[in-house]
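A.B. asks:
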Amino acid sequence: MKIKYIQKTSLIDYPGYLAAVVFVTGCDFRCGYCYNKTLQNFAKADDFIPVAEILQTIKERSKFIEGVVVTGGEPCVQPGLVDFLAQIKDLGLKIKLDTNGHNAELLEFLVNEKKVDYVAMDIKAAPQHYETVVGSKVDLEQIKQSVACLLKTKNVLSEFRTTVWQGFATTLDFHQIFELIKGAENYYIQNFYSPEAECTGSYLPMSRSEIEPILEMGRKYVGKIVLRGDWL
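Have a look at this one:
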């Protein structure tokens, strides 16, 4: 596990729970809008925190927190992820995993074996625009398989989420996204935000008036659709 840093307490990253947040470094996508852009590349050997140190911090915080969020970067590209999650579980804490869903086999294992309690999966774009949005080669079957896993499982709670900006997608694109996740309990639309120094390309937040028709459409496909971020 290549861990960049840990946020000892968060009230917002794990719905319903006080949690610590572990940020891993390294990702197989290169999203231009990413607000954790410094975590896309794998850290050098002297540029991450030892797992033992992170686990000790979590153990010390276990009196105050109820869970741990593992995010990044992309946790599912970390070879030591399964063991790391097991050690957190041994502390009696719940685990939320943030993922892009591009490693369906690993995600299915984690879900089926109850290694995690909550999964938040990013839906980056409509299928035909995925590679453009993420700036990398994408195996769409992996994405679809991960979505199917989360839709059918009773082992974990889950959410799907999409980051949007002005010009992100057409109504037809959103229709395809909703068809992909049809039947999901929770779908979150996050408005673009990124510190100026960390974003690339021309991105501007979407307005509330732009997203309202999409919300109306989405309610026909998912149980709950919620906006995150600032909407003017």
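Heads up, our numbering is the position in the sequence shown plus 5, with the first residue counted as 1. Where is the CB? At the ideal position from N, CA and C, for every residue including glycine. From a predicted model like this one, the values you see are computed outputs, not experimental measurements.
(1) Look up residue 157 in the DSSP assignment and say whether it is helix, strand or coil.
(2) For the pair the stretch 223–231 and the stretch 187–196, tell me if three or more CB-CB distances fall below 8 Å.
(3) Classify residue 87: buried if its beta carbon has 16 or more other beta carbons within 10 angstroms, exposed otherwise.
(4) Between which two residues does the beta strand (DSSP E) holding residue 98 run?
(5) What is the C-beta distance between residue 11 and residue 59, in whole angstroms, given that I count them as a contact (C-beta under 8 Å)?
(6) Whether or not the stretch 59–75 and the stretch 154–163 are in contact is what I'm after, with contact meaning three or more pairs of Cβ atoms, one per stretch, closer than 8 Å; do they touch?
(7) Let me check understanding here. Comparing Cα to Cα, which of 145, 172, 73 and 106 lies closest to residue 91?
(8) Mind checking whether residue 166 and residue 128 have CB atoms under 8 Å apart?
(9) Taking the beta strand (DSSP E) that residue 127 belongs to, which residues open and close that run?
(10) Using a threshold of 8 Å, state whether the C-beta atoms of residue 81 and residue 41 are closer than that.
(11) Hey, could you find the ends of the alpha helix (DSSP H) residue 139 is sitting in?
(12) In its own chain, which residues sit with a C-beta less than 8 Å from the C-beta of residue 44, not counting the 5 before and 5 after it?
(13) Quick one: residues in its chain with C-beta nearer than 7 Å to the C-beta of residue 156, no 5 flanking neighbours on either side, listed in chain order?
(14) Give the C-beta separation of residue 194 and residue 216 to the nearest angstrom, bearing in mind that I take them to be a contact with Cβ-Cβ under 8 Å.
(15) Please classify residue 223: does DSSP put it in a helix, a strand, or coil?
(16) Within 10 angstroms of the Cβ of residue 145, are there 16 or more other Cβ atoms? Answer buried if so, exposed if not.
(17) Which residues bound the beta strand (DSSP E) around residue 164?
(18) Assign residue 114 to one of two classes, buried (16 or more other C-beta atoms within 10 Å of its C-beta) or exposed (fewer than that).
(19) Here's the rule: buried if 16 or more other CB atoms are within 10 angstroms of the residue's CB, otherwise exposed. What is residue 171?
(20) When the Cα atoms are used, what is the spatial distance from residue 26 to residue 68?
C.D. replies: On the basis of the supplied data:
(1) Reduced to three states, the DSSP call for residue 157 is helix.
(2) Pairwise C-beta distances place the stretch 223–231 in contact with the stretch 187–196, as three or more of them are shorter than 8 Å.
(3) Its Cβ having fewer than 16 others within 10 Å, residue 87 is exposed.
(4) Counting along the chain, residue 98 falls outside any beta strand (DSSP E), and DSSP gives it neither H nor E.
(5) At roughly 6 Å, the Cβ-Cβ gap stays under 8 Å, so residue 11 and residue 59 are in contact.
(6) Touching, no, given that fewer than three Cβ pairs across the two stretches are closer than 8 Å.
(7) Ranking 145, 172, 73 and 106 by Cα distance to residue 91 puts 73 first.
(8) Contact flag set, yes.
(9) In the DSSP assignment, residue 127 falls within the beta strand (DSSP E) that extends over 123–127.
(10) In this structure, residue 81 keeps its C-beta atom at 8 Å or more from the C-beta atom of residue 41.
(11) Per DSSP, residue 139 belongs to the alpha helix (DSSP H) from 135–139.
(12) Contacts found: 9, 28, 29, 30, 31, 32, 77 and 78.
(13) Excluding residues within five positions, the ones whose Cβ falls inside 7 Å are 188 and 189.
(14) Right, their Cβ atoms sit about 6 Å apart.
(15) Helix, per DSSP.
(16) Exposed, since its Cβ has fewer than 16 Cβ neighbours within 10 Å.
(17) Residue range 162–169 is occupied by the beta strand (DSSP E) that includes residue 164.
(18) With fewer than 16 other Cβ atoms within 10 Å, it is exposed.
(19) Label assigned to residue 171: exposed.
(20) In a straight line, the C-alpha of residue 26 is about 15 Å away from that of residue 68.
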